[in-house]
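See structure below.
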Amino acid sequence: EAGVTQSPTHLIKTRGQQATLRCSPISGHTSVYWYQQALGLGLQFLLWYDEGEERNRGNFPPRFSGRQFPNYSSELNVNALELEDSALYLCASSLTTTSGGGNEQFFGPGTRLTVL
Amino acid sequence: SQQGEEDPQALSIQEGENATMNCSYKTSINNLQWYRQNSGRGLVHLILIRSNEREKHSGRLRVTLDTSKKSSSLLITASRAADTASYFCATLFSGGYNKLIFGAGTRLAVHP
Numbered sequence: 034e035a036g037v038t039q040s041p042t043h044l045i046k047t048r049g050q051q052a053t054l055r056c057s058p059i060s061g062h063t064s065v066y067w068y069q070q071a072l073g074l075g076l077q078f079l080l081w082y083d084e085g086e087e088r089n090r091g092n093f094p095p096r097f098s099g100r101q102f103p104n105y106s107s108e109l110n111v112n113a114l115e116l117e118d119s120a121l122y123l124c125a126s127s128l129t130t131t132s133g134g135g136n137e138q139f140f141g142p143g144t145r146l147t148v149l
Numbered sequence: 004s005q006q007g008e009e010d011p012q013a014l015s016i017q018e019g020e021n022a023t024m025n026c027s028y029k030t031s032i033n034n035l036q037w038y039r040q041n042s043g044r045g046l047v048h049l050i051l052i053r054s055n056e057r058e059k060h061s062g063r064l065r066v067t068l069d070t071s072k073k074s075s076s077l078l079i080t081a082s083r084a085a086d087t088a089s090y091f092c093a094t095l096f097s098g099g100y101n102k103l104i105f106g107a108g109t110r111l112a113v114h115p
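Taken in order, these protein sequences are the chains called A and B. For this note's numbering, count along the first sequence from 1 and bump the result up by 33. For this note's numbering, count along the second sequence from 1 and bump the result up by 3.
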């Protein structure tokens with residue numbers, strides 16, 4: 034069974050540009066999560082999508098946005114890139130969560146975004 | 004601030020030895036998950052332990068959870084050089100809307 038896939042593997046942009054990162058969840062998973070792993074800041078939650086809707090958002094500015102498509106794949110868009118956006122962006126997926134319990138989140142290999 | 008705090012920050016052992024990593028957290032949780040990350044790549048899910056569980060095993064891995072002390076430990080027995088990686092605990096706290104909160108991680112080095 035294929036795991037979570039992300040593209041591209043690496044992305045280099047300049048300040049002010051926009052970046053689009055893509056994620057395909059494990060087959061059968063309807064929830065997709067985005068996390069940022071920046072040097073010195075650790076892993077931080079960005080966004081959670083389930084059934085096409087944004088369910089939760091981390092403490093990031095509005096220029097970080099995304100969406101989930103009918104096939105449950107997802108895009109993360111980062112507008113007006115800043116140098117500090119340079120990081121490894123990790124996508125994870127899980128089964129639809131039952132109330133209260135939560136499920137395992139399985140991660141993809143990540144997209145390394147470098148902003149020059 | 005981060006929910007989970009791992010201890011130690013770094014651990015260096017010889018092959019065959021056991022490695023123990025600890026994680027503490029601050030609020031009530033639904034579950035706690037342990038992950039491994041090799042050289043800044045993606046996270047590999049190791050074990051999920053729910054708040055009503057006290058211990059779980061998976062191969063050479065043993066995870067314990069003490070909700071009264073708000074702490075968990077990950078034990079890797081008979082370590083191998085391939086276990087060299089960073090290990091993170093992540094908590095899903097009650098009412099957390101599926102947002103995992105990660106600790107800073109423990110860097111484990113296993114020497115042949």
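Glycine residues also receive a C-beta, built at the ideal position from the N, C-alpha and C atoms.
Pairing S89 (chain B) with G108 (chain B) gives a Cβ-Cβ distance under 9 Å. In this structure, the straight-line span from the alpha carbon of D69 (chain B) to that of S98 (chain A) is close to 37 Å. A107 (chain B) has a beta carbon lying within less than 9 Å of a beta carbon in chain A. In terms of Cβ geometry, T63 (chain A) and L128 (chain A) form a close pair [threshold 9 Å]. Here Y38 (chain B) is not near E8 (chain B), since their CB atoms are 9 Å or more apart. Ranked by how close their Cα comes to the Cα of A125 (chain A), the residues A:G73, A:W67, A:N112, A:A71 have A:W67 in first place.
Around the beta carbon of L80 (chain A), a 10 Å sphere encloses 16 or more other beta carbons of the protein chains shown; the residue is thus reported as buried. Among the CB atoms of chain B, one or more fall inside 9 Å of the CB of S64 (chain A). Taking a C-beta cut-off of 7 Å against chain B, none of the residues of the segment 94-112 of chain A qualify. As summarised for the segment 53-98 of chain A, the continuous beta strand (DSSP E) elements at least 3 residues long and confined to that stretch are 64-71, 75-83, 86-90, given in chain order. Rounded to whole angstroms, the gap between the alpha carbons of Q77 (chain A) and Q69 (chain A) is 5 Å. Only buried fits S82 (chain B), as 16 or more other CB atoms lie within 10 angstroms of its CB. With a threshold of 16 other beta carbon atoms within 10 Å, Q12 (chain B) falls short and is exposed.
Judged by their CB atoms, G73 (chain A) and F105 (chain B) are not nearer to each other than the 9 Å cut-off. In terms of Cβ geometry, Y122 (chain A) and Q101 (chain A) do not form a close pair [threshold 9 Å]. Between L109 (chain A) and T42 (chain A), the C-beta gap is not smaller than 9 Å, which leaves the two residues out of contact.
Residue pairing by DSSP puts V47 (chain B) in a beta bridge opposite B:R39.
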